[in-house]
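Undergrad: Mind looking over this structure? Questions follow.
Number of protein chains: 2
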Amino acid sequence: MSTYKAINLIARPQGGPIGPELFEVVEKPMPKVADGQFLVKQNCMSLDPAMFGWMSADTESYIPPVALGEVMRSSGIGEIVESNHPGFKVGDRVMGMMGWQQYFLTNGAGLNKVTAPLPDEAILSVFALPGLTATQGLFNVGKPQKGETIVVSGAAGSVGSIVGQLAKADGLRVIGVVGSDEKADWIVNELGFDGAINYKTDDLAAKLAELTPDGVDVYFENTGGPIQHHVFAKMNAHGRIVVCGMIADYPKAVPDLAPSWIQVIKKRLIIQGFTMPDHFGDVPALLEKLTPYVMKGQIKHRAHVLNGLESAITGLNLFFTGDNKGKLIVKL
Amino acid sequence: MSTYKAINLIARPQGGPIGPELFEVVEKPMPKVADGQFLVKQNCMSLDPAMFGWMSADTESYIPPVALGEVMRSSGIGEIVESNHPGFKVGDRVMGMMGWQQYFLTNGAGLNKVTAPLPDEAILSVFALPGLTATQGLFNVGKPQKGETIVVSGAAGSVGSIVGQLAKADGLRVIGVVGSDEKADWIVNELGFDGAINYKTDDLAAKLAELTPDGVDVYFENTGGPIQHHVFAKMNAHGRIVVCGMIADYPKAVPDLAPSWIQVIKKRLIIQGFTMPDHFGDVPALLEKLTPYVMKGQIKHRAHVLNGLESAITGLNLFFTGDNKGKLIVKL
Numbered sequence: 001m002s003t004y005k006a007i008n009l010i011a012r013p014q015g016g017p018i019g020p021e022l023f024e025v026v027e028k029p030m031p032k033v034a035d036g037q038f039l040v041k042q043n044c045m046s047l048d049p050a051m052f053g054w055m056s057a058d059t060e061s062y063i064p065p066v067a068l069g070e071v072m073r074s075s076g077i078g079e080i081v082e083s084n085h086p087g088f089k090v091g092d093r094v095m096g097m098m099g100w101q102q103y104f105l106t107n108g109a110g111l112n113k114v115t116a117p118l119p120d121e122a123i124l125s126v127f128a129l130p131g132l133t134a135t136q137g138l139f140n141v142g143k144p145q146k147g148e149t150i151v152v153s154g155a156a157g158s159v160g161s162i163v164g165q166l167a168k169a170d171g172l173r174v175i176g177v178v179g180s181d182e183k184a185d186w187i188v189n190e191l192g193f194d195g196a197i198n199y200k201t202d203d204l205a206a207k208l209a210e211l212t213p214d215g216v217d218v219y220f221e222n223t224g225g226p227i228q229h230h231v232f233a234k235m236n237a238h239g240r241i242v243v244c245g246m247i248a249d250y251p252k253a254v255p256d257l258a259p260s261w262i263q264v265i266k267k268r269l270i271i272q273g274f275t276m277p278d279h280f281g282d283v284p285a286l287l288e289k290l291t292p293y294v295m296k297g298q299i300k301h302r303a304h305v306l307n308g309l310e311s312a313i314t315g316l317n318l319f320f321t322g323d324n325k326g327k328l329i330v331k332l
Numbered sequence: 001m002s003t004y005k006a007i008n009l010i011a012r013p014q015g016g017p018i019g020p021e022l023f024e025v026v027e028k029p030m031p032k033v034a035d036g037q038f039l040v041k042q043n044c045m046s047l048d049p050a051m052f053g054w055m056s057a058d059t060e061s062y063i064p065p066v067a068l069g070e071v072m073r074s075s076g077i078g079e080i081v082e083s084n085h086p087g088f089k090v091g092d093r094v095m096g097m098m099g100w101q102q103y104f105l106t107n108g109a110g111l112n113k114v115t116a117p118l119p120d121e122a123i124l125s126v127f128a129l130p131g132l133t134a135t136q137g138l139f140n141v142g143k144p145q146k147g148e149t150i151v152v153s154g155a156a157g158s159v160g161s162i163v164g165q166l167a168k169a170d171g172l173r174v175i176g177v178v179g180s181d182e183k184a185d186w187i188v189n190e191l192g193f194d195g196a197i198n199y200k201t202d203d204l205a206a207k208l209a210e211l212t213p214d215g216v217d218v219y220f221e222n223t224g225g226p227i228q229h230h231v232f233a234k235m236n237a238h239g240r241i242v243v244c245g246m247i248a249d250y251p252k253a254v255p256d257l258a259p260s261w262i263q264v265i266k267k268r269l270i271i272q273g274f275t276m277p278d279h280f281g282d283v284p285a286l287l288e289k290l291t292p293y294v295m296k297g298q299i300k301h302r303a304h305v306l307n308g309l310e311s312a313i314t315g316l317n318l319f320f321t322g323d324n325k326g327k328l329i330v331k332l
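Which chain is which? The protein sequence lines are A and B, in order.
Heads up: the first sequence at position 146 corresponds to 146 in UniProt numbering, and the numbers run straight through without jumps.
Heads up: the second sequence at position 207 corresponds to 207 in UniProt numbering, and the numbers run straight through without jumps.
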């Protein structure tokens, strides 16, 4: 091969679905591998809700947006096919931010070798951003205690499904909010959640009252939307709200407002946001926390695999429609 | 005297101004002082925004509401006029929750002796609830750092004025939000705030942009209202929002909504509520923290004194109109 394909971001989303007009698929010449560099053939790319932030021009965000005309940012896993780097050899499996492209030339900064004998999809679904995010958010922000009740929105998503299973393993009552009966069935009957709320069809207040008779101690928020107000109303004194994602509001020009802070006082709540780039230095500790749950078989996952580089573009919209079933992965 | 006056709560506020129909002024026979008891003649009572919570029937609040037919709850300071208690003698000055009444019979539980040679108004304005609340909220929740910017709403109020002065003494840039030019003048020219915003007359966004060129690191929220959204929009990454009071929303049947949590994620904000009853055990430590600032003359105060027990009833409405000038105190 003398060329490879990449996808550049050429316009910023204005709200609403992600269309092909935001991207440009380009053919690039295969690069020369200089001293200290190596070339990775990417096998799988991860699609994550955080990408909407990376695509927007909001300069107040936690990391700079992708510049127009540059390769769209994403994490992925691949194999080294050429190396002039003393620390990485041909055949090594590596993971990191490689972007929407078939090949990735690098000096190794920010990439990690993958030695676990697990398929690419499992690595990206558990030991990459989703698992790290779930571990940081649940334990270090949510501070769950055995016997407490946690509600997780986006509970069948890549982060929410791990949060719920970690909490369940630690002895909490775990209720998940999902967007289909199929997902409700999966989190209850496969993952072991104590209950599920279908936010599209259930009477939210009634179902929540039924499933959280002792109120809610931790709310792990992945979605936003009307469920936020219903769960908020059920928070117990000294409750913790972990704000991880607001996918329902990302496509809106003007996001919905949040519940009044009066109850924040009365119930002495903590509402705390976090993003993983602040915690990349903590990744070894987070993996150490997460790994035992995985080894004991307490963390199941499922990947929703799309095929081919270009499938990433329309694939992003599955976050809005909720039609993804498990961690979204693009196989190259 | 064979009788004394007390005011009972007989109905709950339904939103809107506090009217005399909620209360009943009664004459009670002077009580007999049994063994282990003493009788306090109350000299000054404190009016505090927390009283709206105590009057409402919201059972989810942090302390039970005042029962209908009982003496309205309040803190005050007075002098012991009769004692059969070994630890308290006639002439001792004591402070604590004595309620809206001229005399208070007690076994001493929850009362503290006052030894500082300061007038009643100064004790109630600085070393009682306002100073303790300011100290707990600013230092233990807001975690201010020298060089940061803090915005305080209700900045001429009993808590806000102390918060701002403590922050100023610790080297922060301090901006206060007030409801009149007179209050703006007081906090800037008497208390040393770096700037003031009159929320009734200023262009909030423009004035805030002018006064907080480096953004806002700590927002100490005493009021709610539209200023909340403007300050929220100026929060810096890793900002802390201390939710202490929402006086603008207490009289509303349906409180205003709060800003979307999207920025809570992007800026990794912490929004935290607190109430002092959780921290009554920390009072010695809080006083130890607060006292040096007072001794160095860094904490000025002013009391807005009303005269006579019954003035408490209409006095409460000054919190809504903002016509109080300093700490509201009822002199008996």
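Cβ atoms here follow ideal geometry from the backbone N, Cα and C, with glycine treated the same way.
On a predicted model such as this, the values are computed, not experimentally measured, just so you know.
Alpha carbon to alpha carbon, how far is V159/A from G53/B? Give it in angstroms, no decimals.
TA: Along the second sequence, one-based indexing puts residue 53/B at 53. Along the first sequence, one-based indexing puts residue 159/A at 159. Cα-Cα distance, rounded: 38 Å.
Undergrad: List, from N- to C-terminal side, the alpha helix (DSSP H) runs of 4 residues or more that fit wholly inside the region 148–225 of chain B.
TA: 158–169, 181–185, 204–211
Undergrad: Do Y250/A and G225/A have their C-beta atoms within less than 9 Å of each other?
TA: As a first step, residue 250/A is located in the first sequence; it is residue number 250 there, counting from the start. As a first step, residue 225/A is located in the first sequence; it is residue number 225 there, counting from the start. Contact flag unset, no.
Undergrad: Let me make sure I understand the geometry here. Which of G76/B, N189/B, T135/B has the alpha-carbon closest to that of H279/B?
TA: In the second sequence, residue 279/B corresponds to position 279, counting from 1. Among G76/B, N189/B, T135/B, the Cα nearest to that of H279/B belongs to T135/B.
Undergrad: Under 9 Å between the Cβ atoms of D120/B and I77/B?
TA: Taking the first residue of the second sequence as 1, we reach residue 120/B at position 120. Taking the first residue of the second sequence as 1, we reach residue 77/B at position 77. A contact, by the Cβ cut-off of 9 Å.
Undergrad: In whole angstroms, give me the CA-to-CA distance for W100/B and M246/B.
TA: Taking the second sequence and counting its residues from 1, one reaches residue 100/B at position 100. Taking the second sequence and counting its residues from 1, one reaches residue 246/B at position 246. Whole-angstrom Cα-Cα distance: 24 Å.
Undergrad: Helix, strand or coil for residue 373/A, going by three-state DSSP, please let me know.
TA: Here chain A covers residues 1 to 332 and nothing more, so residue 373/A does not appear.
Undergrad: Does the pairing of the region 224–240 of chain B with the region 206–213 of chain B give three or more beta-carbon distances under 8 Å?
TA: yes
Undergrad: Taking beta-carbon pairs under 9 Å, can you tell me which members of the region 263–276 of chain B lie near chain A?
TA: Q263, V264, I265, K266, K267, R268, L269, I270, I271, Q272, G273, F274, T275
Undergrad: Whose C-alpha, out of D170/B, L211/B, A169/B, is nearest the C-alpha of V177/B?
TA: As a working note, residue 177/B is residue 177 in the second sequence. The shortest Cα separation from V177/B among D170/B, L211/B, A169/B belongs to L211/B.
Undergrad: Buried or exposed, going by whether 16 or more other CB atoms sit within 10 Å of the CB of G308/B?
TA: Residue 308/B sits at position 308 when you count from the first residue of the second sequence. By the 10 Å Cβ count, G308/B comes out exposed.
Undergrad: Tell me which residue opens and which closes the alpha helix (DSSP H) that G131/A is part of.
TA: Within the first sequence, numbered from 1, the residue matching residue 131/A stands at position 131. 129–135 is the extent of the alpha helix (DSSP H) around G131/A.
Undergrad: Can you find a C-beta in chain A that's less than 9 Å from the C-beta of M55/B?
TA: Here residue 55/B corresponds to residue number 55 of the second sequence, with the count starting at 1. M55/B does not count as touching chain A.
Undergrad: From which residue to which residue does the alpha helix (DSSP H) around K289/B run?
TA: Sequence index remark: in the second sequence, residue 289/B carries index 289 (1-based). That run of the alpha helix (DSSP H) goes 283–295.
Undergrad: Could you check if K32/A is buried or exposed, using at least 16 other CB atoms within 10 Å of its CB as the buried criterion?
TA: Position 32 of the first sequence, counted from the first residue, corresponds to residue 32/A. Exposed is the call here.
Undergrad: Report the option in A156/B, K168/B, G87/B, V94/B whose CA atom is closest to the CA atom of N112/B.
TA: Counting from 1 along the second sequence, the entry for residue 112/B is found at position 112. The shortest Cα separation from N112/B among A156/B, K168/B, G87/B, V94/B belongs to V94/B.
Undergrad: Quick one: complete alpha helix (DSSP H) runs, 4+ long, within the region 66–112 of chain A?
TA: none
Undergrad: Excluding the 5 residues preceding and the 5 following G87/A in the sequence, name in chain order all residues of the same chain whose CB lies nearer than 7 Å to its CB.
TA: Translated into positions along the first sequence, residue 87/A becomes position 87. Result list for G87/A: G108, in chain order.
Undergrad: Okay, do the region 139–148 of chain B and the region 297–307 of chain B touch, 3+ Cβ pairs below 8 Å being the bar?
TA: Fewer than three pairs of CB atoms, one per stretch, sit closer than 8 Å, so the region 139–148 of chain B makes no contact with the region 297–307 of chain B.
Undergrad: Give me whichever residues DSSP pairs with V26/A in a beta bridge.
TA: Sequence index remark: in the first sequence, residue 26/A carries index 26 (1-based). Looking at the DSSP assignment, V26/A forms a beta bridge with A6/A.
Undergrad: So for K266/B, helix, strand or coil by DSSP?
TA: Position 266 of the second sequence, counted from the first residue, corresponds to residue 266/B. Here K266/B sits in helix by DSSP.
Undergrad: Mapping the DSSP letters down to three states, classify H304/B as helix, strand or coil.
TA: Against the second sequence, residue 304/B aligns to sequence position 304. H304/B: strand per DSSP, three-state reduction.
Undergrad: Taking 9 Å as the CB-CB cut-off, is S161/B touching chain A?
TA: Translated into the one-based positions of the second sequence, residue 161/B becomes position 161. With 9 Å as the cut-off, S161/B does not count as an interface residue toward chain A.
Undergrad: Please confirm whether E27/B and I10/B have their CB atoms less than 9 Å apart.
TA: Translated into positions along the second sequence, residue 27/B becomes position 27. Translated into positions along the second sequence, residue 10/B becomes position 10. It is not a contact, given that the beta carbons lie outside the stated cut-off.
Undergrad: Go through its chain and collect everything with a Cβ distance to K325/A's Cβ below 6 Å, but skip five positions before and after it.
TA: Numbered from its first residue, the first sequence carries residue 325/A at position 325. If you ignore the 5 residues before and after K325/A, its C-beta comes within less than 6 Å of the C-beta of H304, all in its own chain and listed in chain order.
Undergrad: Compare the C-beta of C44/B against all C-beta atoms of chain A and say whether one is closer than 9 Å.
TA: The residue given as residue 44/B occupies position 44 in the second sequence. False, the Cβ-Cβ gap to chain A never drops below 9 Å.
Undergrad: Three-state secondary structure (DSSP) at V126/A?
TA: As a first step, residue 126/A is located in the first sequence; it is residue number 126 there, counting from the start. In this structure, V126/A counts as helix in the three-state DSSP scheme.
Undergrad: Quick check on M55/A: does DSSP put it in helix, strand or coil?
TA: Here residue 55/A refers to the residue found at position 55 when the first sequence is read from its first residue. Helix at M55/A.
Undergrad: Is the CB of G16/B under 9 Å away from at least one CB in chain A?
TA: Here residue 16/B refers to the residue found at position 16 of the second sequence. Not closer than 9 Å to any Cβ of chain A, the Cβ of G16/B fails to qualify, so no.
Undergrad: For the region 211–229 of chain B, enumerate the residues whose C-beta is nearer than 8 Å to any C-beta of chain A, in chain order.
TA: E221, G224, Q228
Undergrad: Mind checking which residues open and close the alpha helix (DSSP H) that includes S311/B?
TA: Here the question's residue 311/B lines up with position 311 in the second sequence. Note, S311/B: alpha helix (DSSP H), 311–315.
Undergrad: I need the DSSP call for A50/B, collapsed to helix, strand or coil.
TA: For the purposes of this step, residue 50/B is identified with residue 50 of the second sequence, where counting begins at 1. In the structure shown, A50/B sits in a helix (DSSP, three-state: H, G or I).
Undergrad: A184/B and A167/B: beta carbons closer than 9 Å?
TA: Within the second sequence, the letter at position 184 stands for residue 184/B. Within the second sequence, the letter at position 167 stands for residue 167/B. In this structure, the beta-carbon distance from A184/B to A167/B does not fall below 9 Å.
Undergrad: Could you list the residues in the region 243–258 of chain A with a C-beta less than 8 Å from some C-beta on chain B, going in chain order?
TA: V243, C244, G245, M246, D249, Y250, P255, D256, L257, A258
Undergrad: Name the residues in the region 273–301 of chain B whose C-beta lies less than 8 Å from a C-beta of chain A; which are they?
TA: G273, F274, T275, D278
Undergrad: Can you grab the Cα-Cα spacing for the pair W186/B / A248/B, in whole Å?
TA: As a working note, residue 186/B is residue 186 in the second sequence. As a working note, residue 248/B is residue 248 in the second sequence. Each residue's CA atom was taken as its position, placing W186/B and A248/B some 21 Å apart.
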